[in-house]
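Asker:
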Amino acid sequence: MGILHIFVNKSGIEKSVVDTAQTAGISMIQSITATHTAVTTAQKNAAINAIISSGNTKKLAIQNDVTIVANDKINAYAAIDKIVSDYEVKINAVTKTADLATLQSAGITAVNAYTVTGTPQTDATKTSSTDDTVKATTTTKKSTSTNKYVYATTSIKVYKSSTLKGKTIASYGKKTRQNRPTFQILKAIKNSAGKTVYQVKDLTVNKKGYITSSSSSVGNLYYQTKAAKVKVIDNKGVNRYKKSNLSGKTYHYKKGAIIKVKSITKYKNATRFKLSNGQYITANKTFVITVG
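The sequence shown begins at 0 in numbering that gives the first Met the number 0 and counts up by one.
Structural data, given as structure tokens:
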């Protein structure tokens, strides 16, 4: 849309003509609307939650697929979490609603397009979906220390009974990533209804209880795979340490800092990101998020 420009020569022109043109020009400018509108935090959270929901649905479908072996399911859960995490970073960086809609759609498509790779089930390994869930939990607990700590990705209750009914120790609504309730898995058991549940220590209230083991409700608290870079998301920042037990503090990163990562290493029931200088930071998902 062009705006009328009037050039006044030395002889001048009628003031009324200039005033009319000026008024018309202002009116034309004011009628122009922005092609993109600013994105609000609520809109970003809604888009992220939509992708998380798709991820949870995908993981539940994988969990119930008896043709997939337990270890492949565990790897698939981690891969889907990585997709969701990557799009969460991208969405938090957008400033235009059009870009937000594009990323939300792309994130959901990426989750839905994910396919499990690995060894197909054979007659010797084929089990029911319930047995697969138990097997995956047991294998993870023995071979992968990271799964001994989980956090809630949806609203969750901590029950006194393994039936997941009756009195509760704590109840949590859906929280932002930095504020999600965290749990230490003490053991996985089958309750009287035949469902696998986790006996946990609620690290928020420091009490023992029982929670669901569903991958649509809880996820690994610690990263299990290396990232190229991580971003600090905890309000208080994170420290860098000389040792993997997070002792010997050498530096403090503020919230928003981007840190390059060389590798990931296990420490007891958790993991750490190792940096190129040989020092360590936490790989706890409530403190940092992968950005590459």
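The beta carbon of each residue, even a glycine, is placed where N, CA and C say it ideally should be.
Confirm, please, whether the CB-CB distance from GLY54 to ILE73 is below 8 Å.
Answerer: Numbered from 1 along the sequence shown, position 74 holds the residue referred to as residue 73. Numbered from 1 along the sequence shown, position 55 holds the residue referred to as residue 54. Taking 8 Å as the Cβ cut-off, ILE73 and GLY54 do not qualify as a contacting pair.
Asker: Note down the Cα distance separating THR152 from ARG176, rounded to an integer number of angstroms.
Answerer: Taking the sequence shown and counting its residues from 1, the one referred to as residue 152 is at position 153. Taking the sequence shown and counting its residues from 1, the one referred to as residue 176 is at position 177. Going by the C-alpha atoms only, they are around 8 Å apart.
Asker: Does the distance from the CB of ALA282 to the CB of ILE257 come in under 8 Å?
Answerer: Here residue 282 refers to the residue found at position 283 of the sequence shown. Here residue 257 refers to the residue found at position 258 of the sequence shown. The answer is no: Cβ separation not under 8 Å.
Asker: Can you list, in chain order, the residues of its chain with a C-beta nearer than 8 Å to that of VAL260? Leave out the 5 residues immediately preceding and following it.
Answerer: Numbered from 1 along the sequence shown, position 261 holds the residue referred to as residue 260. If we look at VAL260 and ignore the five residues flanking it on each side, its Cβ neighbours are LYS225, ALA226, ALA227, LYS228, VAL229, PHE272, LYS273 and LEU274.
Asker: For LYS254, collect the residues of the same chain with a Cβ closer than 8 Å to its Cβ; drop the 5 residues on either side in sequence, then sort them by chain order.
Answerer: Within the sequence shown, numbered from 1, the residue matching residue 254 stands at position 255. Taken in chain order, the residues that qualify are VAL231, ILE232, ASP233, ASN234, LYS235 and GLY236.
Asker: ILE280 to SER84, Cα distance in whole Å?
Answerer: Position 281 of the sequence shown holds residue 280. Position 85 of the sequence shown holds residue 84. Whole-angstrom Cα-Cα distance: 19 Å.
Asker: Using CA atoms only, rank isn't needed, just tell me which of ILE210, ASN205, THR40 and LYS186 is closest to LEU163.
Answerer: For the purposes of this step, residue 163 is taken as the residue at position 164 of the sequence shown. That would be ILE210, whose Cα lies nearest to the Cα of LEU163.
Asker: Could you tell me if ALA269 is buried or exposed, where buried requires 16 or more neighbouring beta carbons within 10 angstroms of its beta carbon?
Answerer: Locating residue 269 in the sequence shown gives position 270, where the first residue counts as 1. The residue in question, ALA269, is buried, as its Cβ has 16 or more Cβ neighbours within 10 Å.
Asker: Could you name the residues of the same chain whose beta carbon sits closer than 7 Å to that of SER246, not counting the 5 residues immediately before and after it, in chain order?
Answerer: Locating residue 246 in the sequence shown gives position 247, where the first residue counts as 1. These residues qualify, in order along the chain: TYR240.
Asker: Mind checking who SER196 pairs with in its DSSP beta bridge?
Answerer: Stepping through the sequence shown from its first residue, residue 196 is reached at position 197. According to the sequence shown, residue 196 is Val rather than Ser. Per DSSP, ILE188 and THR211.
Asker: Using the C-alpha atoms, what's the distance from ILE184 back to GLN42?
Answerer: Residue numbering aside, residue 42 sits at position 43 when the sequence shown is read from its first letter. Residue numbering aside, residue 184 sits at position 185 when the sequence shown is read from its first letter. It is roughly 34 Å from the alpha-carbon of GLN42 to the alpha-carbon of ILE184.
Asker: Between which residues of its own chain and TYR113 is the CB-CB distance below 8 Å, once the five residues before and five after are set aside?
Answerer: Along the sequence shown, one-based indexing puts residue 113 at 114. Within the same chain, TYR113 has close Cβ partners LYS57, ALA75, ALA78, ILE79 and ILE82.
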